[in-house]
Amino acid sequence: MLTTSEAKFLQKSVKSESVELSSLDMIISITTMPLFFHYRNTDGNADFMSSDILRSSFIAVLQEYPLMLGHLCQKEMGHCYINIDNNNLNTPVYKEAQSSMHFDELQKAHFDPEHLQPSPDKASFFLAGSLLTGAIKLVNVYINRFKDNSGVTIFISVAHALIDFHGLVMFMNRWAEIYRQIQNGVSLDNITKKLANYDRSIISKLIPPPENPPADSLKKMQLDGGLLSKWLAWLSPAWRGSLFDFSIGFAGTTSCCFHISRSSLDELHKLICDNSTAGQRISDNDVLVAVYNIVYAQSIAAEENEKINSGILGRLSNYLLRTLSGYSDTFVYTFPVSLRPRIKNQSLDDYTGNAFTSAIVFNPVELLNMPATPQVIAQVAANTRKAVDSVDENYISHTVTGMTPPTDIYMRPFVYNVLVPGLLSSTNLTRFNMYSVDFGWGIPEWVGPHKSLMPKVAAFLPSHPSVGGYYMHIADSPSTLKHIQQNTLWCKYVERSY
2 MLTTSEAKFL QKSVKSESVE LSSLDMIISI TTMPLFFHYR NTDGNADFMS
52 SDILRSSFIA VLQEYPLMLG HLCQKEMGHC YINIDNNNLN TPVYKEAQSS
102 MHFDELQKAH FDPEHLQPSP DKASFFLAGS LLTGAIKLVN VYINRFKDNS
152 GVTIFISVAH ALIDFHGLVM FMNRWAEIYR QIQNGVSLDN ITKKLANYDR
202 SIISKLIPPP ENPPADSLKK MQLDGGLLSK WLAWLSPAWR GSLFDFSIGF
252 AGTTSCCFHI SRSSLDELHK LICDNSTAGQ RISDNDVLVA VYNIVYAQSI
302 AAEENEKINS GILGRLSNYL LRTLSGYSDT FVYTFPVSLR PRIKNQSLDD
352 YTGNAFTSAI VFNPVELLNM PATPQVIAQV AANTRKAVDS VDENYISHTV
402 TGMTPPTDIY MRPFVYNVLV PGLLSSTNLT RFNMYSVDFG WGIPEWVGPH
452 KSLMPKVAAF LPSHPSVGGY YMHIADSPST LKHIQQNTLW CKYVERSY
């Protein structure tokens, strides 16, 4: 917790205000962004990432991001806001611990979070809080200092309702910038304050109301969630997040991290281009989504066949699962698409709030379960590119201004995710320069998420500049992960890190 003097410092610089969350904030409001930044003390410097300066610079950057000091409140079903009370600031959790392990040990374990000792308290993909008081800490920071001062890990978890990953990287870079200034002798009082841009009206000002009906893909994701989505929207933020967090504990989910090299990506690009329409643009994300979509669908099919062939109990289990969840001949894949490159405006580039929507790809299960020939991979990649290109002004407008009524609409994608079989999601963070966060001692050795991700969700992250390619963090059942790692296409291009 913050000291009295730290709290007074923030009170002097933060004003009371209320900020209503946008529809883009609400859709993601029950989740967090949990990230590890691992730094090695390369030179063995005794002053490496000073605890006092880390803390002082963190306090200083908070005054520029006042939403992080607010309280998440719900004024009515479907409408939340951040209340910043100058006399009752919601100060973040900030803890530092001394680890008994050397940084080399964590590096040898490929930075697997399970090897980190001590591990962060209450790290979760969902934003949970006290069920008695309703209080929710919107920011949690845990510092691990390794044996012999060999390195430092910064774990930060921020409520996604406040900022997106663009905003988080801006926050981390500003924290690092202030650290360097203090380290160079600048006092806190002499650091120029740069208030973050969190004005939620920016999005609506830049995006006009929709002129045409929403795309069919959006309609499907916004189908009436019935009593379940209405009940979830009615719950308080603390209860809603805690319920999802509790359910993950029973999901039997585990996580693995994989690496795909630049050479493997280039090989896949060539394979796809050789089997695509001339001039067809295919991005790295299109390639990653296509490969993961095919491999995941085939892994689910392999799981079902394994149950069927395991005897009468396996066949019965598979029958009951199909009966309860239903069967779809279409596989649904969703992933975020940033608004910033589509609505080129400096105010949006500086904006720290959520500025992305979701693209939705529909692939026939029959196509995905075919042998993964170059033609099949190229077709799935083309379908992915088509979904990305469909995110036009009308599509964006419906996600921004067309998602206000009804009040449970932001919970419907989560209900859809639970009730519809064959649905998969990924988040692509490769475009964010996470390795730019330098506190004056060099860039991180590794940046990655906590292992407590949501089932059926993958996170694509950049790798260290010296490594190249991308890391793919996948959370799912041990059985599904086993079949993913046995898949021929996966084994050819992807390696497991942990």
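Residues in the sequence shown are numbered from 2 upward in steps of one, following this note's numbering.
Note that the Cβ used here is the ideal one computed from N, Cα and C, for glycine as well.
Predicted model only: the values in this text are computed from it and were never measured.
{"Query": "Those residues which DSSP pairs with G152 across a bridge", "Result": "R41"}
{"Query": "Per DSSP, the bridge partner or partners of A476", "Result": "S256, V458"}
{"Query": "Three-pair Cβ contact test at 8 Å for the region 114-126 versus the region 161-170", "Result": "no"}
{"Query": "Length-filtered (3 minimum) beta strand (DSSP E) runs lying within the region 212-296", "Result": "255-261"}
{"Query": "Per-residue burial, C492 [other beta carbons within 10 Å of its own, 16 or more giving buried]", "Result": "exposed"}
{"Query": "Opposing strand residues paired with R146 [DSSP bridges]", "Result": "Q99, V153"}
{"Query": "A382 (DSSP reduced to helix, strand or coil)", "Result": "helix"}
{"Query": "Closest Cα partner of G441 within the set S17, A8, K231, D44", "Result": "D44"}
{"Query": "Start and end residues, alpha helix (DSSP H) containing Q347", "Result": "347-351"}
{"Query": "Distance, G186 Cα to M455 Cα", "Result": "43 Å"}
{"Query": "Beta-bridge pairing of F363 - partner residues as DSSP gives them", "Result": "V333"}
{"Query": "Given 8 Å, three or more beta-carbon pairs between the region 121-131 and the region 170-177", "Result": "no"}
{"Query": "Close-in-space but distant-in-sequence residues of the same chain around S14 (CB under 6 Å, 5 per side omitted)", "Result": "Q64"}
{"Query": "M435 in three-state terms, based on DSSP", "Result": "helix"}
{"Query": "DSSP beta-bridge partners of W447", "Result": "H39"}
{"Query": "Distance, D149 Cα to D26 Cα", "Result": "42 Å"}
{"Query": "Range covered by the beta strand (DSSP E) that runs through R497", "Result": "495-497"}
{"Query": "Inter-stretch contact (C-beta, 8 Å, three-pair minimum) for the region 278-296 and the region 366-381", "Result": "yes"}
{"Query": "Three-state secondary structure assigned by DSSP to V20", "Result": "strand"}
{"Query": "Where Y320 falls: helix, strand or coil (DSSP)", "Result": "Because the pLDDT at Y320 is just 46, under 50, the model does not fix this residue reliably, and the value given afterwards should be weighed accordingly. Helix."}
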